[in-house]
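Visitor:
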Amino acid sequence: MTTTLAGLGVRKAAILLVQLGRDRAAAVMSKLDDSEVEAISAEIARLDSISGGETESVLTEFRDLMTARAHIAQGGLAFAQQLLEQSLGSERAAEIMERLNAAAVQMPFQFLHRADPAQLRSFIVDEHPQVIALVLAHMTPDKASLLLSGLPPEQQAKVAHRIAVMDRTSPDIVRAVEATLERKLSSMLQPSDLSRVGGLDPLVNIINRSDRSTERQIVEGLESLDAALANEVKSRMFMFEDIVDLDDRSIQQVLRQVDTSELALALKGVADQVRDKITSNLSERAGVTLVEEIELLGPVRLTQVEEAQQAIIRTIRQLEEQGQIMVRRGNDDEFVD
Numbered sequence: 010m011t012t013t014l015a016g017l018g019v020r021k022a023a024i025l026l027v028q029l030g031r032d033r034a035a036a037v038m039s040k041l042d043d044s045e046v047e048a049i050s051a052e053i054a055r056l057d058s059i060s061g062g063e064t065e066s067v068l069t070e071f072r073d074l075m076t077a078r079a080h081i082a083q084g085g086l087a088f089a090q091q092l093l094e095q096s097l098g099s100e101r102a103a104e105i106m107e108r109l110n111a112a113a114v115q116m117p118f119q120f121l122h123r124a125d126p127a128q129l130r131s132f133i134v135d136e137h138p139q140v141i142a143l144v145l146a147h148m149t150p151d152k153a154s155l156l157l158s159g160l161p162p163e164q165q166a167k168v169a170h171r172i173a174v175m176d177r178t179s180p181d182i183v184r185a186v187e188a189t190l191e192r193k194l195s196s197m198l199q200p201s202d203l204s205r206v207g208g209l210d211p212l213v214n215i216i217n218r219s220d221r222s223t224e225r226q227i228v229e230g231l232e233s234l235d236a237a238l239a240n241e242v243k244s245r246m247f248m249f250e251d252i253v254d255l256d257d258r259s260i261q262q263v264l265r266q267v268d269t270s271e272l273a274l275a276l277k278g279v280a281d282q283v284r285d286k287i288t289s290n291l292s293e294r295a296g297v298t299l300v301e302e303i304e305l306l307g308p309v310r311l312t313q314v315e316e317a318q319q320a321i322i323r324t325i326r327q328l329e330e331q332g333q334i335m336v337r338r339g340n341d342d343e344f345v346d
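No gaps in the numbering here: position 125 of the sequence shown is 134 in the numbering used here, and each next residue is one more.
What follows is the structure, encoded as structure tokens:
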């Protein structure tokens, strides 16, 4: 039933569960994974009034999907499609089968998403960099960055390089790698589709969610492996030094969100042009106060500086996502004021 539920989409699944009643809905929800439960629960919370026509349409669609699954169990996909065509017509049957097939497809390595990142690190650290790259490319950027940051620096660069140059991977190779990991982790999954993973965007997403030290190690490692690729990666990333490329209005927006003590720590030891870019967007008195606070810090650990810089970068990315500031990337077109 859960696969059939997935074929409906989030809103329709939410409507169906409401119609089932609390106990039956809870029984169904217990069979779903965490992300599905969160998505459907949020949609149920957003539901207000539902028309009788929409409810009837959802129930009819669910019945059709259940009927199709029953036919598949009896005689396979072809048999199911034939029966649906006879009862519903070829166009409607094709729509139902397409949704059912899409819902049945599972992405590889899903079992790894439920594992503890620390355990996963020790689990994959001895694997070949290509295997690690394949696994990380199938994971969310947040979890992939945790795993990547736990690898030795020289291994980080090799894995990052392989993620960047990876394109399409044969289903047979994915299945072979997954089968090996399944046996080691005693988990199960049956992937069945050609998946496009890897490339620069997944790598940049992973790096952007890594700590500053890991970010620097990966970029430096990539520079030694493939200078052109490293430049392309850097052009798509936002690094702390790129603050100098922000326009004054954006800088001022960022400064409103940043604590002065954190800003002082982030500016400790940076290039003069970075510090000047910040102080030029403060009042004269605030700029002097900031410089004095930086000098009063004395010697500080590099990790503390990098953590402060990373916090400011997160603020910049958040403001960019909200559309409050514009961040120019290496390949972006020029803007005219």
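Positions of the beta carbon are idealized from the N, C-alpha and C atoms, including for glycine.
Predicted model only: the values in this text are computed from it and were never measured.
From the DSSP output, in three-state form, read off residue 280 for me.
Guide: Note: residue 280 maps to coil in three-state DSSP.
Visitor: What first and last residue would you give for the alpha helix (DSSP H) that runs through residue 170?
Guide: Here the alpha helix (DSSP H) through residue 170 covers 162–174.
Visitor: Whole-angstrom Cβ separation of residue 171 and residue 138, contact assumed at under 8 Å?
Guide: Yes, they are in contact, since the Cβ atoms of residue 171 and residue 138 sit about 6 Å apart, within 8 Å.
Visitor: Excluding sequence positions up to five away, which residues of its chain have a Cβ less than 7 Å from the Cβ of residue 309?
Guide: Contacts found: 274, 277.
Visitor: Would you kindly report the start and end of the unbroken alpha helix (DSSP H) that includes residue 38?
Guide: It spans 31–38 - the alpha helix (DSSP H) in which residue 38 sits, taken as one unbroken run.
Visitor: Less than 8 Å between the C-beta atoms of residue 299 and residue 312, yes or no?
Guide: In this structure, residue 312 does not lie closer than 8 Å to residue 299 by Cβ.
Visitor: For residue 25, collect the residues of the same chain with a Cβ closer than 6 Å to its Cβ; drop the 5 residues on either side in sequence, then sort them by chain order.
Guide: Result list for residue 25: 67, 71, in chain order.
Visitor: So, is residue 121 buried or exposed, given that buried needs 16 or more other C-beta atoms within 10 angstroms?
Guide: When all chains shown are included, residue 121 counts as buried.
Visitor: Would you grab the beta carbon distance between residue 223 and residue 157 for me? Rounded to a whole angstrom, and I think it's under 8 Å.
Guide: Confirmed, Cβ separation roughly 7 Å.
Visitor: Given a threshold of 16 other Cβ atoms within 10 Å of its Cβ, counted over all protein chains shown, does residue 319 qualify as buried or as exposed?
Guide: Its Cβ being crowded by 16 or more others within 10 Å, residue 319 is buried.
Visitor: Comparing alpha-carbon positions, which option in 218, 46, 35 lies nearest residue 20?
Guide: Closest option to residue 20, Cα to Cα, is 46.
Visitor: Considering only residues of the same chain and omitting the five flanking positions on each side of residue 260, which have a CB-CB separation below 8 Å?
Guide: Result list for residue 260: 252, 286, 287, 290, in chain order.
Visitor: Could you tell me the distance, in whole angstroms, from the CA atom of residue 225 to the CA atom of residue 297?
Guide: Approximately 30 Å, taken between the alpha carbons.
Visitor: Taking the alpha helix (DSSP H) that residue 257 falls in, what are its first and last residues?
Guide: That run of the alpha helix (DSSP H) goes 257–266.
Visitor: Compute the Euclidean distance between the alpha carbons of residue 266 and residue 51, then round it to the nearest angstrom.
Guide: Cα to Cα, the separation comes out at about 29 Å.
Visitor: Cα-Cα, which of 316, 329, 295, 254 is closest to residue 220?
Guide: Closest by alpha carbon: 316.
Visitor: Count the other CB atoms within 10 Å of the CB of residue 335; is the residue buried (16 or more) or exposed (fewer)?
Guide: Exposed, since its Cβ has fewer than 16 Cβ neighbours within 10 Å.
Visitor: I'd like the span of the alpha helix (DSSP H) that includes residue 296, first residue to last.
Guide: Element bounds for residue 296: 293–305.
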